[in-house]
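The sequence shown runs contiguously to residue 299 in the UniProt record's numbering.
Glycine included, every Cβ here is placed at the ideal spot set by N, Cα and C.
Contents: one structure, followed by commentary.
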Amino acid sequence: MRHVVVGVDGSADSLRAVEWAVREAVRRGLPLRVVHAVYAWLHSPAEAGIEEVRQWLLNGGREILGQAVAHAQECEPGAEVADAIVTGDPVGVLVAEAEDAELLVVAARGTGRISGLLLGSVALKIVTQSPCPVVVVRGPVEPEKTFDEVVVGVDGSPASAGALRFAAAEASLRGARLRAILAWSLAAPAAETMPPMLIELGEIEAAWTRVLDEAVRSVEKSHPELEVVHQVVTGHPVQALIDASEAADLVVVGSRGRGALAGFVLGSVSHGVLHHSCCPVAVIGSHVLAVRLEDDRAA
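What follows is the structure, given as structure tokens:
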């Protein structure tokens with residue numbers, strides 16, 4: 001049976017990730033698996049002084065898991081929760097755990113024994129390597145404060161199509177509105193050097209509007225119950241998504257983009273959204289899209 005996986009390291013931020021993950025697991029009707037990693041060198045042949053460190057870290061890991069499981073059950077008393085201590089570095093452990101997961105949930109920051117677990121290069125490695133969607137939990141988890149809106153970045157690329165499909169399914173699960181945003185802009189040097197008669201901004205915006213409408217049409221067909229807001233904005237995609245995140249429960253982005261949103265996620269856009277969003281961010285990798293398309297063909 002598939003499940004929702006959450007990585008924990010003993011930090012307050014990872015407990016917030018547990019809160020979000022257990023509620024998401026209940027929403028999906030899935031069990032929650034709480035995972036803590038201990039480094040592989042702790043399982044090498046015992047040497048002088050190493051055994052004490054090994055036991056200290058393993059005991060600490062069990063304590064971290066106990067606190068996380070208790071917190072999950074306190075948030076959702078009826079939830080099915082399991083835990084695991086796994087040998088390896090945090091990135092490798094969580095990516096391996098994601099193989100059998102419906103969703104992988106991690107905190108925006110980590111402290112304690114795996115300090116820095118999800119900020120900077122480590123976080124981006126997990127996002128880029130995970131075989132399932134990854135949600136990075138940012139900010140406080142306040143279940144009583146919801147906006148009933150899921151935001152997704154769209155640019156017409158296959159990657160953003162995968163993000164759009166995930167966002168529509170998530171909005172449907174939540175009974176929320178789906179806001180699809182396409183942000184575009186002209187590079188300043190190009191705008192200065194192009195002949196005036198070639199710059200028809202209205203036509204350019206109309207073209208991008210058609211891209212958005214075409215992309216959204218498929219999810220409107222598959223989820224007729226959804227209220228979908230089409231939003232084309234002029235400006236940088238990072239700022240557009242950050243602004244929208246202020247009144248959203250989740251922002252969804254794809255792994256790569258093209259055109260006006262070239263490098264959409266896992267480049268400067270993804271880095272900006274992951275670091276500055278006001279709400280949790282779901283990242284859908286291109287490899288996740290490929291696997292799901294194969295599953296659809298087999299169904």
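Asked                                                                                                                                                                 : Found
By DSSP, does Arg62 sit in helix, in strand, or in coil?                                                                                                              : helix
Going by beta-carbon coordinates alone, are Val35 and Val86 separated by less than 7 Å?                                                                               : yes
Under 8 Å by Cβ, that's how I've got Val255 and Ala108 pegged, so tell me the actual separation to the nearest angstrom.                                              : The identity of residue 255 in the sequence shown is Ser, whereas the question assumes Val. Contact doesn't hold; Cβ gap of about 19 Å is too wide.
Of all the options Leu58, His230, Ala17, Ala247, which has the alpha carbon lying nearest to the alpha carbon of Ala84?                                               : Leu58
Could you please give the first and the last residue of the uninterrupted beta strand (DSSP E) stretch that includes Glu149?                                          : 149-153
Applying the criterion that 16 or more other CB atoms from any shown protein chain within 10 Å of the CB defines a buried residue, is Gly202 buried or exposed?       : exposed
So what does His36 bridge to, in DSSP terms?                                                                                                                          : Ile85
Looking at the structure shown, is Ala262 part of a helix, part of a strand, or coil, going by DSSP?                                                                  : For Ala262, the predicted structure reports a pLDDT of 39, less than 50, and the residue's modelled location is therefore unreliable. A value from the coordinates is still provided. Note: Ala262 maps to coil in three-state DSSP.
Under 7 Å, do Leu182 and Val154 count as touching if we go by C-beta distance?                                                                                        : yes
Can you find the residues in the same chain that come closer than 8 Å, C-beta to C-beta, to Ser185, ignoring five residues on each side of it along the sequence?     : Thr234, Gly235, His236, Ala260
With a threshold of 6 Å on Cβ separation, who are the neighbours of Leu173 within its own chain once the five nearest residues in sequence on each side are excluded? : Arg27
So what does DSSP say about residue 300, is it helix, strand or coil?                                                                                                 : Residue 300 cannot be examined here, being either before or after the span of the chain that is shown, 1 to 299.
When the distance is taken between beta carbons, is Ala101 closer than 7 Å to Val5?                                                                                   : yes
Output the boundary residues of the alpha helix (DSSP H) element that contains Glu205.                                                                                : 201-222
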